[in-house]
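In this note's numbering, the protein residues as written are 5 to 295.
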């Protein structure tokens, strides 16, 4: 498929497994595979937005050439085995995503952003390969499966918002990381060596527990999996944090500093507990916007 100019749109529907060859589209591209898997043999260069859909139950989508998508890319599959893999050789903008299986996104050149919600039932993996490329996934996403994040370089910050319970799998983040969710478990090694990891709730009134109860409860196992210079729980920015409770002794073997922060409208309960940070008991602070 080849079109010329910003209004040179293209649309294709196929009732067999669809294989896309090299294509250059100046406008928007819409692809619907109503029967089988969707694959490609050549690079797709699309200036406008792109939409790819596989309608058949468990049909997969594999778009892993060195594609050049400039506009937002929307992906839709159907069924628990309907995995999607997307590779882009430009700064990637994700549009609306509904993926029944697992999702793998690799941005090999620029920053990774989104314009709409990503709904993924299976595991999700997001990678920016370029040095200092950032990742900003801050829509009200619905990522049900384990989420893996990978960025490269000290300036390669990552931000993730998830409007459902979040399971953060083994991840390597070169810059600072912010995770916003009302429920979080860190199930694999989260490596943000020398950087700041911030965890805060998605809902203002959500209570946070450190080694304790609370809607956003961070277990000792999750805390052990985090490697960072500083771990910030909550925020002093407007309306981001409810009550924070440390209800048991906790150890942060791979974190040098711990900060508990609230907006001044909640409380930080610092009862009879011990926080061991980086092998010692120093480097702990509690802060509030009202103090």
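All C-beta atoms, glycine included, are put in the ideal place defined by N, C-alpha and C.
Give me, in chain order, the residues of the same chain whose beta-carbon lies closer than 8 Å to that of residue i; leave out the 5 immediate sequence neighbours on both sides.
| i | result |
| --- | --- |
| residue 158 | 136, 178, 179, 198 and 199 |
| residue 30 | 7, 8, 9, 10, 11, 12, 51 and 52 |
| residue 82 | 58, 59, 60, 61, 62, 63 and 104 |
Helix, strand or coil for residue i? Go by DSSP, reduced to three states.
| i | result |
| --- | --- |
| residue 78 | strand |
| residue 20 | coil |
| residue 43 | strand |
| residue 120 | coil |
| residue 275 | With a pLDDT of 46 at residue 275, under the threshold of 50, the predicted position of this residue should be treated as unreliable, though the coordinate-derived value follows. Residue state, collapsed to three classes: coil. |
| residue 226 | helix |
| residue 6 | strand |
| residue 180 | coil |
| residue 37 | strand |
| residue 140 | strand |
| residue 59 | strand |
| residue 232 | strand |
| residue 257 | coil |
| residue 171 | strand |
| residue 93 | coil |
With distances taken from CA atoms, which of the options is nearest residue i?
| i | options | result |
| --- | --- | --- |
| residue 86 | 228, 19 and 64 | 64 |
| residue 253 | 234, 225 and 238 | 225 |
| residue 13 | 195, 28, 20 and 19 | 28 |
| residue 202 | 191, 249 and 261 | 261 |
| residue 34 | 51, 20 and 56 | 56 |
| residue 47 | 61, 53 and 68 | 68 |
| residue 92 | 109, 83 and 229 | 109 |
| residue 9 | 37, 49, 230 and 26 | 49 |
| residue 258 | 26, 250, 229 and 126 | 229 |
| residue 26 | 45, 192 and 138 | 45 |
| residue 166 | 204, 5 and 191 | 204 |
| residue 4 | 114, 156 and 146 | Examination of residue 4 is not possible in this model, given that the chain is present from 5 through 295 alone. |
| residue 238 | 82, 75 and 184 | 184 |
| residue 75 | 94, 83 and 62 | 94 |
| residue 130 | 151, 247 and 36 | 151 |
Less than 8 Å between the beta carbons of residue i and residue j, yes or no?
| i | j | result |
| --- | --- | --- |
| residue 123 | residue 102 | yes |
| residue 171 | residue 132 | no |
| residue 175 | residue 154 | yes |
| residue 72 | residue 79 | no |
| residue 32 | residue 99 | no |
| residue 128 | residue 105 | no |
| residue 60 | residue 40 | yes |
| residue 265 | residue 236 | yes |
| residue 88 | residue 107 | yes |
| residue 250 | residue 214 | yes |
| residue 1 | residue 220 | Examination of residue 1 is not possible in this model, given that the chain is present from 5 through 295 alone. |
| residue 191 | residue 173 | yes |
| residue 121 | residue 144 | yes |
Leaving out five residues before and five after residue i in sequence, what residues of the same chain have Cβ atoms less than 6 Å from its Cβ?
| i | result |
| --- | --- |
| residue 163 | 140, 142 and 182 |
| residue 42 | 22, 58 and 65 |
| residue 96 | 111 and 116 |
| residue 24 | 44 |
Within its chain, find whatever has a CB closer than 7 Å to the CB of residue i; leave out the 5 residues flanking it on each side and keep chain order.
| i | result |
| --- | --- |
| residue 207 | 186 |
| residue 19 | 38 and 39 |
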